[in-house]
Amino acid sequence: MLLHRSGLPVLVPSPQRYAIHKLIVASRRGPSAGAKREKDLHQARLLTQALEATRRQDDLAFAFMEAWDKGENWRETIRRGLNLFDADTRETVNTILGKSLREIGASPEGFTIRDWLKRPLLYSLSSSQLYEIGLTLIRT
């Protein structure tokens, strides 16, 4: 980067949070914004794969759980975004997400896309709620 005089400060989002953000944005786009939605999904997929390739999938897992713990509206929006992926991409993201959740000691059960496609999620405890009631997440 070439700076002129004092430079220009730029805020750059963390890639793991930006990947989740892109899923949310994609799920909220209307039918007339198909190209933008595809671009958002493409960016989310690339960021997810890049985080895995650079061994930062634990950051992705923490960002995902943080968004997931924000409540049912967030969960539903994330579900919709993930379900917009084609089958192959859905499987790739599902694998990366499941692996990253296991690596931080969280159970991927209930978080993975495969689980959402089988059944509606009726209730889910957040990681902080699990700790509050004295359960520990076991690394699998």
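If you use numbering that gives the first Met the number 0, the sequence shown corresponds to residues 0 to 139, in order. Glycine is no exception: its CB is placed at the ideal position from the N, C-alpha and C atoms.
Kindly indicate which three-state DSSP category ARG28 falls into: helix, strand or coil?
Within the sequence shown, the letter at position 29 stands for residue 28. In the structure shown, ARG28 sits in coil (DSSP, three-state: anything other than H, G, I, E or B).
Residue from ILE77, ARG74, GLN48 and GLY104 with nearest C-alpha to ILE95:
Reading the sequence shown from its first residue, position 96 is the one you call residue 95. Of ILE77, ARG74, GLN48 and GLY104, the residue nearest in Cα terms is GLN48.
Following the continuous alpha helix (DSSP H) through SER99, name the residue where it begins and the one where it ends.
Here residue 99 is taken as the residue at index 100 of the sequence shown, counted from 1. Run containing SER99: 86–102, per the alpha helix (DSSP H) assignment.
For ILE23 and THR53, what's the separation of their Cα atoms in angstroms?
As a working mapping, residue 23 is identified with position 24 in the sequence shown. As a working mapping, residue 53 is identified with position 54 in the sequence shown. Near 23 Å, if we compare the C-alpha coordinates of THR53 and ILE23.
Distance between beta carbons of ARG16 and ALA86, contact taken as under 8 Å:
Within the sequence shown, the letter at position 87 stands for residue 86. Within the sequence shown, the letter at position 17 stands for residue 16. Actually they are not in contact, since the Cβ atoms of ALA86 and ARG16 sit about 26 Å apart, beyond 8 Å.
Alpha carbon of PRO30 to alpha carbon of ILE19, nearest angstrom
Within the sequence shown, numbered from 1, the residue matching residue 30 stands at position 31. Within the sequence shown, numbered from 1, the residue matching residue 19 stands at position 20. Cα-Cα distance, rounded: 20 Å.
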